[in-house]
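Remarks on the structure that follows.
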Amino acid sequence: MQTMNIGNNEVVLLGTAMPPELPQGSHVMTATIELPPGDPGTPPHRHSGPVFGYMLEGEMIFELEGEPERVIKAGEAFWEPGGDVIHYRSANNLPDRVSKFLVVMVCAPGREMLVLVSPEELEQRKDRRTFRPN
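For the record, in the sequence shown the residue sitting at position 52 is 52 according to the UniProt record's numbering, with numbers rising by one throughout.
So, in structure tokens, the structure goes:
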């Protein structure tokens with residue numbers, strides 16, 4: 001993390017990313033998502049555009065295609081490129097507490113923000129998933 005002062009305000013840079021160029025007509029949605037204790041999260045899916053997030057409370061197990069799963073804790077930022085990349089997990093890592101995060105999602109024109117991935121496609125792409133400890 002990097003901290004800087006702009007006037008009287010302290011700005012903490014949580015992360016940076018170089019998303020792909022956004023097509024004309026894209027729109028942006030901002031939302032908070034609450035995961036009940038122990039919730040497995042949304043089944044494997046993909047987003048039509050990049051997603052930027054910030055963990056507000058708790059912990060989330062986060063896994064994208066081609067990357068090992070990791071735990072994101074309150075105060076940490078995350079992002080995913082969207083497009084063809086499968087988002088495997090966004091599960092609550094805590095069995096006894098709600099976890100909550102904020103997301104800013106860029107939606108490609110004329111496409112759904114979130115599309116579930118079929119079991120057949122998951123099987124076809126299983127070689128793109130990295131080793132998982134469990």
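The C-beta atom is built at its ideal place from N, Cα and C for all residues, glycine as well.
Just so you know, these numbers come straight off a predicted model, no measurement behind them.
{"Item": "F62 versus V28, R125, P43, residue with shortest Cα-Cα distance", "Value": "P43"}
{"Item": "Classification of M55 by the beta-carbon crowding that lies within 10 angstroms, buried from 16 upward", "Value": "buried"}
{"Item": "As assigned by DSSP and simplified to three states, the class of S34", "Value": "Correcting the residue identity first, residue 34 is Glu in this sequence and not Ser. Strand."}
{"Item": "Opening and closing residue of the alpha helix (DSSP H) in which Q124 lies", "Value": "119-124"}
{"Item": "Close-in-space but distant-in-sequence residues of the same chain around N93 (CB under 8 Å, 5 per side omitted)", "Value": "G58, E59, M60, I61, V71, S99"}
{"Item": "Beta-carbon gap between G53 and V115 smaller than 8 Å", "Value": "no"}
{"Item": "Validate contact between the region 32-48 and the region 79-88 using beta carbons, cut 8 Å, 3 pairs", "Value": "yes"}
{"Item": "For R46, the three-state DSSP class (helix, strand or coil)", "Value": "strand"}
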